[in-house]
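Inspection log for the structure reproduced underneath, given as structure tokens.
There are 2 protein chains.
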Amino acid sequence: MTTRRLGSAEAAELSRAERDIRARLGDRPFDFRAMAAISNIYRAATTVRNHMEQRVLGEYDLSWSAFTVMWVLWIWGEQETRHVAAETGTTKGTLTGVLKTLESRRLVLRSVHPDDGRRVLVRLSPRGLAIIEEVFPRFNGEETFAASTLTPAEQDQLAHLLRKVSARIEGGTGVAPIEAAAGRDPGAGGDRGGVDTTAPAPYVRRQTTTRPRAS
Amino acid sequence: MTTRRLGSAEAAELSRAERDIRARLGDRPFDFRAMAAISNIYRAATTVRNHMEQRVLGEYDLSWSAFTVMWVLWIWGEQETRHVAAETGTTKGTLTGVLKTLESRRLVLRSVHPDDGRRVLVRLSPRGLAIIEEVFPRFNGEETFAASTLTPAEQDQLAHLLRKVSARIEGGTGVAPIEAAAGRDPGAGGDRGGVDTTAPAPYVRRQTTTRPRAS
DNA sequence: CCCCGATCGTTCGGCAACGAACGATATCCC
DNA sequence: GGGATATCGTTCGTTGCCGAACGATCGGGG
Numbered sequence: 001m002t003t004r005r006l007g008s009a010e011a012a013e014l015s016r017a018e019r020d021i022r023a024r025l026g027d028r029p030f031d032f033r034a035m036a037a038i039s040n041i042y043r044a045a046t047t048v049r050n051h052m053e054q055r056v057l058g059e060y061d062l063s064w065s066a067f068t069v070m071w072v073l074w075i076w077g078e079q080e081t082r083h084v085a086a087e088t089g090t091t092k093g094t095l096t097g098v099l100k101t102l103e104s105r106r107l108v109l110r111s112v113h114p115d116d117g118r119r120v121l122v123r124l125s126p127r128g129l130a131i132i133e134e135v136f137p138r139f140n141g142e143e144t145f146a147a148s149t150l151t152p153a154e155q156d157q158l159a160h161l162l163r164k165v166s167a168r169i170e171g172g173t174g175v176a177p178i179e180a181a182a183g184r185d186p187g188a189g190g191d192r193g194g195v196d197t198t199a200p201a202p203y204v205r206r207q208t209t210t211r212p213r214a215s
Numbered sequence: 216m217t218t219r220r221l222g223s224a225e226a227a228e229l230s231r232a233e234r235d236i237r238a239r240l241g242d243r244p245f246d247f248r249a250m251a252a253i254s255n256i257y258r259a260a261t262t263v264r265n266h267m268e269q270r271v272l273g274e275y276d277l278s279w280s281a282f283t284v285m286w287v288l289w290i291w292g293e294q295e296t297r298h299v300a301a302e303t304g305t306t307k308g309t310l311t312g313v314l315k316t317l318e319s320r321r322l323v324l325r326s327v328h329p330d331d332g333r334r335v336l337v338r339l340s341p342r343g344l345a346i347i348e349e350v351f352p353r354f355n356g357e358e359t360f361a362a363s364t365l366t367p368a369e370q371d372q373l374a375h376l377l378r379k380v381s382a383r384i385e386g387g388t389g390v391a392p393i394e395a396a397a398g399r400d401p402g403a404g405g406d407r408g409g410v411d412t413t414a415p416a417p418y419v420r421r422q423t424t425t426r427p428r429a430s
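Top line first, the protein sequences correspond to chains A and B.
Position one of the first sequence corresponds to residue 1 (my numbering), numbered consecutively onward.
Position one of the second sequence corresponds to residue 216 (my numbering), numbered consecutively onward.
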């Protein structure tokens, strides 16, 4: 397939911003097709997250991260904190703070691992369980709403395409040539005690800026 | 890994997390199809952003927000800060901090609006211009990489589906209708299936003006 | 002129998030 | 056994990000 000029059908769908970008950069050899696909992922994600925070989570005074932590504990039950951190996509340090907040509100309970004094187990309190059982159905209702302009087949297609993008990045090493990235298992050696290493929970958050520091 | 024997074509593709969820919640009337579609948006976005920060932005000591600000100034030229805030999807308060950082590194320049002492104009410095012209091609190269497991037609399809989701949420009213809130004008048009004319810049963190806090 | 409301950018408090450093605990190996 | 090493969660410093409060500035009306 040759790189073709912008078709009118696609042009009609472009946002003003996307048209401006082509007006500004159109003469340079950028990959506008990939740019549209990838950047719209980010845009949709922030839109969805803001929607959820405003419509559902705000009412219960839950942050996104607090919700994801409770959700993980709901699905998988009592967990070691390191598993929760991996599953929610946060660092250990962040999780400590989130758990402190949740514990102060008596939504989760911490306890020391009986066989290993270094580890800490965390689980939902009865109160936390009641909250998540009330919140999640509403959350899922908003997911239905968000996807409601897509047909069922399109929803499946969207999930399918997104999984391929995630797998590409998670498995690959970047622009540097790699092979068979999609099917690889990069999780060898990681002991996560019954939790999948390669695929985090759906509502993972590792979004705010890190500053990997150059210099 | 490619075995299909779980009842549906999609089942073979589910991550372990997604299978566990169905094992835990499968007897409840949730919309698992929408859940897969929407939650994978968030997961892919997190993956993409982390990838970009580590692979490209980190080398230049740029945060994601700093990059988006510079990118907006690159495409649209000198802007009033309120426009930059709207375009990058941050609040005024956040932008102040980001601009302060960028200005301290001499990547952007601030100046008072000649006709209105309240407003502030911001533009790229020559140094900032050099940086973004060096960074963006690499950024776009990583977008190409991220999308490289998709065919061109699939990339277009992905962008198309995501635009429909974003438009639904940005223009729609949600499950529990809210009006007023005002602040931003989500374009006329209302609920037409998918074409979005008032979208912000691609790499935005979308933010709505008024957030009805609980209690 | 001068007040009044509106607008704009900054400041501030609070939470989230990261990486690095740290102390405590467990395990390995001689 | 006992010291070196590894692992785990917490603490610490910095940045991002938000909403609210604030001071400065502009415009209109009396």
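C-beta: ideal position from N, C-alpha, C; glycine also.
When DSSP labels each residue in this structure, what does residue i get in the three-state scheme?
| i | result |
| --- | --- |
| B:Arg297 | helix |
| A:Leu150 | coil |
| B:Arg320 | coil |
| A:Leu62 | coil |
| A:Arg205 | Reliability fails at A:Arg205, whose pLDDT of 46 lies under 50, so the model's placement of it is uncertain and no value is given. |
| A:Val165 | helix |
| B:Val271 | coil |
| A:Arg28 | coil |
| B:Gly171 | With chain B running from 216 to 430 in the structure shown, residue 171 of chain B is simply not present. |
| B:Thr305 | coil |
| A:Gly141 | helix |
| A:Gly128 | helix |
| A:Gly77 | coil |
| B:Arg220 | Note that B:Arg220 scores 43 on pLDDT, short of 50, meaning its location in the model is unreliable and no value can be drawn from it. |
Could you tell me whether any Cβ in chain B is nearer than 8 Å to the Cβ of residue i?
| i | result |
| --- | --- |
| A:Gly189 | Annotation note: pLDDT 30 at A:Gly189 (below 50); position unreliable, coordinate value reported separately. No - not a single Cβ of chain B is within 8 Å of the one on A:Gly189. |
| A:Ala180 | Below a pLDDT of 50, predicted positions are generally treated as unreliable, and A:Ala180, at 27, falls in that range; the measurement from the model is reported next regardless. Not one chain B Cβ lies under 8 Å of A:Ala180. |
| A:Asp20 | yes |
| A:Asp156 | yes |
| A:Thr209 | Any answer about A:Thr209 is weak, because its pLDDT of 31 lies below 50 and its placement is not dependable; what the coordinates show is given next. True, the Cβ-Cβ gap to chain B drops below 8 Å. |
| A:Pro114 | no |
| A:Arg43 | yes |
| A:Arg206 | At A:Arg206, the pLDDT of 39 sits below 50, so the modelled position is not reliable and the matter cannot be decided from this model. |
| A:Pro152 | yes |
| A:Leu124 | no |
| A:Ala66 | no |
| A:Val120 | no |
8 Å is my cut-off, CB to CB: does residue i come that close to chain A?
| i | result |
| --- | --- |
| B:Val380 | yes |
| B:His266 | yes |
| B:Ala301 | no |
| B:Ser363 | yes |
| B:Ile346 | no |
| B:Gly308 | no |
| B:Gly241 | no |
| B:Thr305 | no |
| B:Glu293 | no |
| B:Val350 | no |
| B:Leu376 | yes |
| B:Ala385 | The amino acid at residue 385 of chain B is misidentified as Ala; the sequence shows Glu. Yes, B:Glu385 lies at the interface with chain A (some Cβ there is under 8 Å from its Cβ). |
| B:Glu318 | no |
Out of the options, which one is the CA nearest neighbour of residue i?
| i | options | result |
| --- | --- | --- |
| A:Phe30 | B:Trp286, B:Gly356, B:Pro367 | B:Gly356 |
| B:Trp289 | B:Ala259, B:Leu322, B:Arg297 | B:Leu322 |
| A:Asp116 | A:Tyr60, A:Thr91, A:Thr81 | A:Thr81 |
| B:Pro341 | B:Phe360, B:Glu233, B:Glu268, B:Glu293 | B:Glu293 |
| B:Val337 | B:Glu348, B:Leu317, B:Arg353 | B:Leu317 |
| B:Leu339 | B:Val287, B:Ser278, B:Arg237, B:Arg264 | B:Val287 |
| A:Leu134 | A:Glu59, A:Ala86, A:Ala17 | It is Glu, not Leu, that sits at residue 134 of chain A in the sequence shown. Looking at the Cα atoms, A:Glu59 is the closest of the given residues. |
| A:Glu53 | A:Arg138, A:Ala159, A:Ser166, A:Thr149 | A:Arg138 |
| B:Lys379 | A:Gly93, A:Ile41, A:Ala130, A:Arg19 | A:Ile41 |
| A:Glu143 | B:Glu302, B:Arg320, B:Ala251 | B:Ala251 |
| A:Leu161 | B:Arg334, B:Thr309, B:Leu365 | B:Leu365 |
| B:Leu310 | B:Phe351, B:Arg270, B:His328, B:Ala281 | B:Ala281 |
| A:Arg43 | A:Glu18, A:Leu62, A:Glu87 | A:Glu18 |
| B:Glu302 | A:Ser166, A:Arg16, A:Ala167 | A:Arg16 |
| B:Ala368 | A:Gly26, A:Arg33, A:Ala23 | A:Arg33 |
| A:Arg25 | B:Ala374, B:Phe351, B:Ser381 | In the sequence on display, residue 25 of chain A carries Leu and not Arg. Nearest of B:Ala374, B:Phe351, B:Ser381 to A:Leu25, Cα basis: B:Phe351. |
| B:Phe360 | A:Leu129, A:Ala167, A:Ile131, A:Gly128 | A:Ala167 |
| A:Gly89 | B:Ile346, B:Leu314, B:Val313, B:Thr261 | B:Thr261 |
Tell me, which residues are paired with residue i by DSSP?
| i | result |
| --- | --- |
| A:Arg123 | A:Leu109 |
Between residue i and residue j, which are expected to be in contact by the criterion C-beta below 8 Å, what is the C-beta distance as a whole number of angstroms?
| i | j | result |
| --- | --- | --- |
| A:Val69 | B:Ile384 | So it is not a contact: roughly 24 Å between Cβ atoms. |
| B:Ala362 | A:Ile38 | 6 Å |
| B:Arg334 | B:His328 | 4 Å |
| A:Gln157 | B:Gln370 | At roughly 13 Å, the Cβ-Cβ gap does not stay under 8 Å, so A:Gln157 and B:Gln370 are not in contact. |
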